[in-house]
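Chains as they are written, first to last, in UniProt numbering: chain C, 1 to 487; chain U, 1 to 487. Worksheet for the structure shown next.
2 protein chains.
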Amino acid sequence: MTPDNLIPALRDIVGPAHVLTGDDCAEYESDWRQRVRGKALCVVRPGSTAEVAAVVRACSQAGASIVPQGGNTGLVEGSVPDASGKQIIVSLRRMQTVRAIDTANMTMTVDAGCVLQSLQDVASEAGMLLPLSLGAEGSCTIGGNLATNAGGTQVLRYGNARELCLGLEVVLADGQIWESLQGLRKDNTGYDLRNLFIGSEGTLGIITAATLRLYPQPAAQLTAWAALPSLQAATALLALSHRHLSAALTGFEVMSQEGLKLVDTHYPHLRVPMWRETMWCVLLEASDSESEAHARAQFEHLLETAMEDGIVTDAIIAENIRQAHDLWHIRESITLAQAAEGPNIKHDVSVPISRIPDFVAQTDAQLQALAPGLRLINFGHLGDGNLHYNVQPPAGADAAAFVAAHEAAIGDAVYQSVHRFGGSISAEHGIGSLKRDHLPHYKAPVALQLMQTIKQALDPQRLLNPGRVLADRPVRSDGAIGVAHGH
Amino acid sequence: MTPDNLIPALRDIVGPAHVLTGDDCAEYESDWRQRVRGKALCVVRPGSTAEVAAVVRACSQAGASIVPQGGNTGLVEGSVPDASGKQIIVSLRRMQTVRAIDTANMTMTVDAGCVLQSLQDVASEAGMLLPLSLGAEGSCTIGGNLATNAGGTQVLRYGNARELCLGLEVVLADGQIWESLQGLRKDNTGYDLRNLFIGSEGTLGIITAATLRLYPQPAAQLTAWAALPSLQAATALLALSHRHLSAALTGFEVMSQEGLKLVDTHYPHLRVPMWRETMWCVLLEASDSESEAHARAQFEHLLETAMEDGIVTDAIIAENIRQAHDLWHIRESITLAQAAEGPNIKHDVSVPISRIPDFVAQTDAQLQALAPGLRLINFGHLGDGNLHYNVQPPAGADAAAFVAAHEAAIGDAVYQSVHRFGGSISAEHGIGSLKRDHLPHYKAPVALQLMQTIKQALDPQRLLNPGRVLADRPVRSDGAIGVAHGH
Numbered sequence: 001m002t003p004d005n006l007i008p009a010l011r012d013i014v015g016p017a018h019v020l021t022g023d024d025c026a027e028y029e030s031d032w033r034q035r036v037r038g039k040a041l042c043v044v045r046p047g048s049t050a051e052v053a054a055v056v057r058a059c060s061q062a063g064a065s066i067v068p069q070g071g072n073t074g075l076v077e078g079s080v081p082d083a084s085g086k087q088i089i090v091s092l093r094r095m096q097t098v099r100a101i102d103t104a105n106m107t108m109t110v111d112a113g114c115v116l117q118s119l120q121d122v123a124s125e126a127g128m129l130l131p132l133s134l135g136a137e138g139s140c141t142i143g144g145n146l147a148t149n150a151g152g153t154q155v156l157r158y159g160n161a162r163e164l165c166l167g168l169e170v171v172l173a174d175g176q177i178w179e180s181l182q183g184l185r186k187d188n189t190g191y192d193l194r195n196l197f198i199g200s201e202g203t204l205g206i207i208t209a210a211t212l213r214l215y216p217q218p219a220a221q222l223t224a225w226a227a228l229p230s231l232q233a234a235t236a237l238l239a240l241s242h243r244h245l246s247a248a249l250t251g252f253e254v255m256s257q258e259g260l261k262l263v264d265t266h267y268p269h270l271r272v273p274m275w276r277e278t279m280w281c282v283l284l285e286a287s288d289s290e291s292e293a294h295a296r297a298q299f300e301h302l303l304e305t306a307m308e309d310g311i312v313t314d315a316i317i318a319e320n321i322r323q324a325h326d327l328w329h330i331r332e333s334i335t336l337a338q339a340a341e342g343p344n345i346k347h348d349v350s351v352p353i354s355r356i357p358d359f360v361a362q363t364d365a366q367l368q369a370l371a372p373g374l375r376l377i378n379f380g381h382l383g384d385g386n387l388h389y390n391v392q393p394p395a396g397a398d399a400a401a402f403v404a405a406h407e408a409a410i411g412d413a414v415y416q417s418v419h420r421f422g423g424s425i426s427a428e429h430g431i432g433s434l435k436r437d438h439l440p441h442y443k444a445p446v447a448l449q450l451m452q453t454i455k456q457a458l459d460p461q462r463l464l465n466p467g468r469v470l471a472d473r474p475v476r477s478d479g480a481i482g483v484a485h486g487h
Numbered sequence: 001m002t003p004d005n006l007i008p009a010l011r012d013i014v015g016p017a018h019v020l021t022g023d024d025c026a027e028y029e030s031d032w033r034q035r036v037r038g039k040a041l042c043v044v045r046p047g048s049t050a051e052v053a054a055v056v057r058a059c060s061q062a063g064a065s066i067v068p069q070g071g072n073t074g075l076v077e078g079s080v081p082d083a084s085g086k087q088i089i090v091s092l093r094r095m096q097t098v099r100a101i102d103t104a105n106m107t108m109t110v111d112a113g114c115v116l117q118s119l120q121d122v123a124s125e126a127g128m129l130l131p132l133s134l135g136a137e138g139s140c141t142i143g144g145n146l147a148t149n150a151g152g153t154q155v156l157r158y159g160n161a162r163e164l165c166l167g168l169e170v171v172l173a174d175g176q177i178w179e180s181l182q183g184l185r186k187d188n189t190g191y192d193l194r195n196l197f198i199g200s201e202g203t204l205g206i207i208t209a210a211t212l213r214l215y216p217q218p219a220a221q222l223t224a225w226a227a228l229p230s231l232q233a234a235t236a237l238l239a240l241s242h243r244h245l246s247a248a249l250t251g252f253e254v255m256s257q258e259g260l261k262l263v264d265t266h267y268p269h270l271r272v273p274m275w276r277e278t279m280w281c282v283l284l285e286a287s288d289s290e291s292e293a294h295a296r297a298q299f300e301h302l303l304e305t306a307m308e309d310g311i312v313t314d315a316i317i318a319e320n321i322r323q324a325h326d327l328w329h330i331r332e333s334i335t336l337a338q339a340a341e342g343p344n345i346k347h348d349v350s351v352p353i354s355r356i357p358d359f360v361a362q363t364d365a366q367l368q369a370l371a372p373g374l375r376l377i378n379f380g381h382l383g384d385g386n387l388h389y390n391v392q393p394p395a396g397a398d399a400a401a402f403v404a405a406h407e408a409a410i411g412d413a414v415y416q417s418v419h420r421f422g423g424s425i426s427a428e429h430g431i432g433s434l435k436r437d438h439l440p441h442y443k444a445p446v447a448l449q450l451m452q453t454i455k456q457a458l459d460p461q462r463l464l465n466p467g468r469v470l471a472d473r474p475v476r477s478d479g480a481i482g483v484a485h486g487h
């Protein structure tokens, strides 16, 4: 097999209709945020695990590198090809079968190309809950969710994608298939291969199917909105909520005044509550196994206690599902309001929850010193220590020019501060290409070495999503990994 | 460094008092169940992570293999040396510092040698819950719990040791230290190294410290005991309990009549409830964030519904903590009663919960055909699909002779049945040496290959706990792994 006869070979494997070339590849070649556009040799759309395996073997023989792609909704430029015109996009989107649902075992086994929302629906129709939930759920695929260890709004209670996965089917770099879809909650028979592939962003193998944990559907869900005087009060409310609600606490989102002001500016019909009078608002969600009345009584008791303690100044509990949706919609509109306001700078960081107030105070001050007048659009999953610590240029400034001038310095300042506070420069979005060259500044050299060792062992040809997560490094003839050149 | 001057070098590193030789090694050389006894070159007791690293470097230079050891309470012969007299036991028991407890972040960071029960106490004194709980908690260490991904009685709600760990400090095979003790709930910056070390039984690195998740203490815990007509009824009660109690369901243990009969025979003062009239009993535990009254109302509603549905024939709810302890004590006495009855055969298996009734019916019939009259002492964590599917020789038989004659055939029959039902031959105890040679019959070759590849990449000298989990295989000069010889 040579690169020249690779396309005919791929057509033989998946059928001519499922190998796209030229302009037909366009939608697969640029990322969700339309920040980068690459050029692929072709897009291959296998229809089965056996076809994925045959595609990988053909690419391996031809020495062609592979970019696995699900819904292509990633935010770190991890699923689009480089500009070489030589990479093969392997799209999993045709693989959409729900292979099995086992309510007694509380699991479902599904193909990687299933869209997350469709799986939520399938679980719901079976009377169960698939608790993974995030903004892109209408188009992201479960394979991509697992390859990137997606987070979202219910991590606080149910964990990341990682914690929701009991088994995987993966096509390895040599085209072999590793399968562990039994749906066992306990299995101590050797190394944890599953978690090695989860979060590896397609660089160690291609996830083709997964067995997911399901949960009982809650009897009732309630949403509350609270005004707080400070971020210290928000962490205190979080601790109080854990004590009062325990596992019934399924959402805890914090939003700064600046972020809510942007929503109010661009979407006044959303009628953002309380934002004018307070620096911080929190959206709480409770999922109750008993009844709405029980959930409401619990919430009222929690919020009354918080008001007596002075950590909440005002609060409402949604009266019905429509009101709850409206409150969530405000939270989810912050990103859209940022885009409507103009060019901006985004981060996805985490620090230990106990250190968040100090982290924010110090970093805010540093950024204001760096670029006076910038607006901090700080919001996120406080219950996980995860902030989308975003920056909007000063009101009235030339936003594009501000971003061009300051994006790198602001990013460095945020990441250095995160690092000082023992945090992570990518809480839930991953590394991809976007943060790959930042990572060595903040990750321990020994961790990067271990990752390179594992990459080299599992993908010695370095054909799986090369240059994502880790810099691609040539292999010396003695098997040791050399220094990066020209990448 | 040669083997000859290794002991002096180790004395220089940890101090002469902490290198044991000869008879002083005895308690470290045999396993918890006293089934095997090895012979070590010496026992080294480092007092710090830096000392562990220096010990590993010295051993690596001398080509001496290392057996890491915590509380030495493992059940699969994974932490004792072989008979060669050449292996070095590295005992972590001197490392017992609680490095930090952060209640706002709900984490604690602790040395590997801390005894599990002492950590439960430290968490409790800080008003938090460390939910890992198992029989050996009075002497097992957290490092060993993580190295073996320990399970226990609260996995249903809180997960295995794996799910309770947010970060590790590990000494690698080359003596480097990898540290990730930040206590982050979200960190998508590369491969999941943490989970690779957890459950690797000391074969990929030596865990020296960990950051653990803590939970709010429940306001009340209640225990119930129910009689059920069948194992089908038990899985139905499990599903009903999940729906009624959701995350408040923290324990669900099933016990067969034969097992409870043994407890009644040897410990009649424990007054086992209901066992004479029913084939199966279940012990349920609820942990409530509100109050004992609320927990009791919930439990009563659940059990009334179950009785109306015909899946429970009789039930009691413990009136107070003493009664609850007494019920748990009965459950925990099954193993002791088995020992009191005489030699027996143990298994630790899991199958998907939905398949447990059929698995037990088929396997019971096969074993009765194999050795008529044997007694099936079947009990375990039904909520996790995990059964301790144990076998007692027929009443009145020569038990030692029966075990000698039938242990291998019975084990094979159980494991083959587990395999047919998509289960695991080691749910929570691990592989160690005891099940190492069974594993290749039941684990996919591609999984074993991946494990060997990872072992080879991370421990190319194969000095860390060699021969545990994986057969030790000579390395050919081209770097490929050869076929096992003489092992």
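Even glycine gets a Cβ: it sits at the ideal position worked out from N, Cα and C.
Bridge partners for residue i per DSSP, in chain order?
{"i": "U/ASP111", "result": "U/ALA209"}
{"i": "C/ILE316", "result": "C/TRP225"}
{"i": "residue 488 of chain C", "result": "One cannot answer for residue 488 of chain C here, as it falls past the ends of chain C, which runs 1 to 487."}
{"i": "U/TRP275", "result": "According to DSSP, U/TRP275 bridges with nothing at all."}
{"i": "U/HIS381", "result": "U/ASN386"}
{"i": "C/GLN167", "result": "Checking the displayed sequence, the identity of residue 167 of chain C turns out to be Gly instead of Gln. Beta-bridge pairing links C/GLY167 to C/THR211."}
{"i": "U/ALA409", "result": "Per DSSP, none; premise fails for U/ALA409."}
{"i": "C/LEU448", "result": "Partner(s): none; C/LEU448 has no beta bridge."}
{"i": "U/ARG35", "result": "Note: U/ARG35 sits in no beta bridge, so no partner."}
{"i": "U/LEU172", "result": "U/GLY205"}
If residue i sits next to residue j, beta carbons under 8 Å apart, how far is it from one beta carbon to the other, in whole angstroms?
{"i": "C/ILE207", "j": "C/LEU168", "result": "6 Å"}
{"i": "C/GLN232", "j": "C/PRO357", "result": "5 Å"}
{"i": "U/ASN149", "j": "C/ASN188", "result": "5 Å"}
{"i": "C/VAL312", "j": "C/ALA306", "result": "4 Å"}
{"i": "U/GLY151", "j": "U/ASN390", "result": "Between U/ASN390 and U/GLY151 the Cβ distance is about 16 Å, and since that is not below 8 Å, they are no contact."}
CB-CB under 7 Å to residue i, same chain, minus the five flanking residues each way: which ones, in chain order?
{"i": "U/ASP364", "result": "LEU376"}
{"i": "U/HIS429", "result": "LEU75, VAL76, ASP348"}
{"i": "C/ILE330", "result": "VAL263, LEU270, VAL272"}
{"i": "C/PRO8", "result": "none"}
{"i": "C/ALA409", "result": "LEU370"}
{"i": "C/ARG11", "result": "VAL19"}
{"i": "residue 491 of chain U", "result": "What is shown of chain U runs 1 to 487, which leaves residue 491 of chain U out entirely."}
Between which residues of its own chain and residue i is the CB-CB distance below 8 Å, once the five residues before and five after are set aside?
{"i": "U/SER60", "result": "ALA173, ASP174, GLY175, GLN461, LEU463"}
{"i": "U/THR2", "result": "ALA62"}
{"i": "U/LEU228", "result": "ALA234, LEU237, THR278, MET279, TRP280, CYS281, VAL282, ILE311, VAL312, THR313"}
Using a Cβ-Cβ cut-off of 6 Å (strictly less than) and excluding sequence neighbours within five positions of residue i, which residues of its own chain qualify?
{"i": "U/SER65", "result": "GLN87, LEU463, PRO466"}
{"i": "U/ALA83", "result": "GLY38, LYS39"}
{"i": "U/HIS406", "result": "ALA371"}
{"i": "C/ALA324", "result": "THR223, ALA318"}
{"i": "U/ASP31", "result": "GLU77, VAL80"}
Any chance the stretch 190-203 of chain U sits against the stretch 119-131 of chain U, with 3 or more Cβ pairs inside 8 Å? no
Should the stretch 377-395 of chain U be called in touch with the stretch 235-253 of chain U, which here means at least 3 C-beta pairs below 8 Å? yes
For the structure I just gave you, are there three or more beta carbon pairs, one from the stretch 411-421 of chain C and one from the stretch 344-351 of chain C, closer than 8 Å? Touching, per the Cβ criterion.
Touch test, the stretch 206-225 of chain U against the stretch 282-295 of chain U, Cβ-Cβ under 8 Å, three pairs minimum: Short answer: they touch.
Under 8 Å, CB to CB, which of the residues in the stretch 51-79 of chain C have a partner in chain U? Per Cβ criterion, the list is empty.
Check distances from the C-beta atoms of the stretch 369-402 of chain U to those of chain C and list, in chain order, the residues that come in under 7 Å. Listed in sequence order: ASP384, GLY385, ASN386.
Give, in chain order, every residue of the stretch 102-131 of chain U whose Cβ lies closer than 8 Å to some Cβ of chain C. For the stretch 102-131 of chain U, residues whose beta-carbon sits nearer than 8 Å to a beta-carbon of chain C comprise ASP102, THR103, ALA104, ASN105, MET106, THR107.
Check distances from the C-beta atoms of the stretch 211-244 of chain U to those of chain C and list, in chain order, the residues that come in under 9 Å. TYR215, PRO216, GLN217, PRO218, ALA219, THR235, ALA236, LEU238, ALA239, HIS242, ARG243, HIS244
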